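Just below is one structure, and these are the notes that go with it.
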Amino acid sequence: MIIYGIKAKLLKNDLINDSCPNCNTNNSIQMNVFQRWAHIFWIPFFPIGKTGVSQCLNCKQVLKLKEMPAPLKLSYDNVKAQTTIPVWTFAGCVLIIIASIFFYVSEKQKAKKVNEWVLSPQKNDVFHIKLKNDHYTLYKVNKVSGDSVYLALNKYEADREDGLDDIAAKGDTAFESAQEGVAKPILVQMAKEGAILDIERKK
């Protein structure tokens, strides 16, 4: 379940010169400016504007922004002009940008590793494979002989890439006993086409 919503925090409060529209007391209005922001799991994601509330310190009348008479709205605008949007209200956006950069760099490093290792596969390497039907499976290198790589195909497929972890958890018994010989240039081409997503190498 995703928890999301809108919250607000007091940014500034000033005592203004206006008279109270309810009790007519001068210099008794406290103007409060609040910053509103959207959050997901209580993490601020982005600001969604400011709002205000006035309170008479004499009669205690409270007016929301839409309830204020024109002079109070003008005073609210003056107080609001003295406030700035807090940087932390962009925290969620910043986290998304950082996560996107990290994911991009990680994928680039993974692609570089695949392109290097596919040229010199080793016994027990496990290839993460994307099949033509958009399913995913694992191939294990049983033997490398010259330009030929002998692969044991896995008995299982997953319809999502993260399902490969479940397939890997089944262990070596999940691989077929028969093996299939594949030329290295074919594996290189598979890597270029994005069919080889990752290579695990046991040390």
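In this text, residue positions in the sequence shown follow my numbering: the first is 3, and each later residue adds one. Idealized CB from N, CA, C, for every residue including glycine. Here the structure is a predicted model, which is why all the values come from computation and not from measurement.
Sorted by chain position, which residues of the same chain lie with C-beta nearer than 7 Å to Y158's C-beta, five sequence neighbours on each side aside? Start at 1 with the first residue of the sequence shown, and residue 158 comes out as number 156. Once the five neighbours on either side are set aside, the close Cβ partners of Y158 are T139, I169, K172 and A176.
Whole-Å CB distance - N80 paired with C22, under 8 Å assumed: As a working mapping, residue 80 is identified with position 78 in the sequence shown. As a working mapping, residue 22 is identified with position 20 in the sequence shown. With 8 Å as the limit, N80 and C22 do not qualify as a contact, their Cβ atoms being about 17 Å apart.
Any beta carbon of chain C sitting closer than 8 Å to that of F36? Checking the listed chains, one finds no chain C in this structure; it contains a single protein chain.
Closest to N156 by CA distance: which of I100, E178 and G7 is it? As a working note, residue 156 is residue 154 in the sequence shown. The shortest Cα separation from N156 among I100, E178 and G7 belongs to E178.
Rounded to the nearest angstrom, what separates I31 and V64 at their Cα positions? Against the sequence shown, residue 31 aligns to sequence position 29. Against the sequence shown, residue 64 aligns to sequence position 62. Their backbone Cα atoms lie some 9 Å apart in a straight line.
Please report how far the alpha carbon of S77 lies from the alpha carbon of F48, in whole angstroms. If you number the sequence shown from 1, residue 77 lands on position 75. If you number the sequence shown from 1, residue 48 lands on position 46. So the two alpha carbons sit approximately 26 Å from each other.
Curious, which full-length beta strand (DSSP E) runs of at least 3 residues does the region 98 to 133 contain? 128 to 132
Local Cβ density within 10 Å of P187, reported as buried at 16 or more and exposed below that: In the sequence shown, the residue the question calls residue 187 occupies position 185. Classification for P187: exposed.
Straight-line Cα distance separating N135 from V146: As a working note, residue 146 is residue 144 in the sequence shown. As a working note, residue 135 is residue 133 in the sequence shown. Taking the straight line from one Cα to the other gives about 27 Å.
Could you pull the start and end residues of the beta strand (DSSP E) that N80 belongs to? Stepping through the sequence shown from its first residue, residue 80 is reached at position 78. Run containing N80: none in the beta strand (DSSP E); it sits in the alpha helix (DSSP H), A72 to K82.
Mind checking which residues open and close the alpha helix (DSSP H) that includes A193? For this step, residue 193 is matched to residue 191 along the sequence shown. Per DSSP, A193 belongs to the alpha helix (DSSP H) from K186 to K194.
Taking C-beta to C-beta, are H137 and A160 nearer than 8 Å? One-based indexing of the sequence shown puts residue 137 at position 135. One-based indexing of the sequence shown puts residue 160 at position 158. Yes; because the gap between Cβ atoms is below 8 Å, this pair is in contact.
Where K114 and Y152 are concerned, what is the direct C-alpha to C-alpha distance, given to the nearest angstrom? As a working note, residue 114 is residue 112 in the sequence shown. As a working note, residue 152 is residue 150 in the sequence shown. The straight-line gap from Cα to Cα measures roughly 23 Å.
Rounded to whole angstroms, how far is the Cβ of A193 from the Cβ of V120, which I believe are closer than 8 Å? In the sequence shown, counting from the first residue as 1, residue 193 sits at position 191. In the sequence shown, counting from the first residue as 1, residue 120 sits at position 118. Their Cβ separation, rounded to whole angstroms, is 5 Å, which keeps A193 and V120 in contact under 8 Å.
Along the chain, where does the alpha helix (DSSP H) that runs through L59 open and close? Mapped onto the sequence shown, residue 59 falls at position 57. That residue, L59, is in no alpha helix (DSSP H); it is neither H nor E in DSSP.
With a threshold of 6 Å on Cβ separation, who are the neighbours of D16 within its own chain once the five nearest residues in sequence on each side are excluded? As a position in the sequence shown, residue 16 is number 14, starting the count at 1. Counting only Cβ-Cβ distances below 6 Å, and skipping sequence neighbours, we find M33 and V81.
Would you list the one or two residues that DSSP bridges to I169? Taking the sequence shown and counting its residues from 1, the one referred to as residue 169 is at position 167. For I169, which the question treats as bridged, DSSP gives no partner whatsoever.
Give me, in chain order, the residues of the same chain whose beta-carbon lies closer than 7 Å to that of K112; leave out the 5 immediate sequence neighbours on both sides. Translated into positions along the sequence shown, residue 112 becomes position 110. Contacts found: D200.
Is D174 buried or exposed, if buried means 16 or more other CB atoms sit within 10 Å of its CB? Within the sequence shown, numbered from 1, the residue matching residue 174 stands at position 172. D174 is exposed by the Cβ-count criterion.
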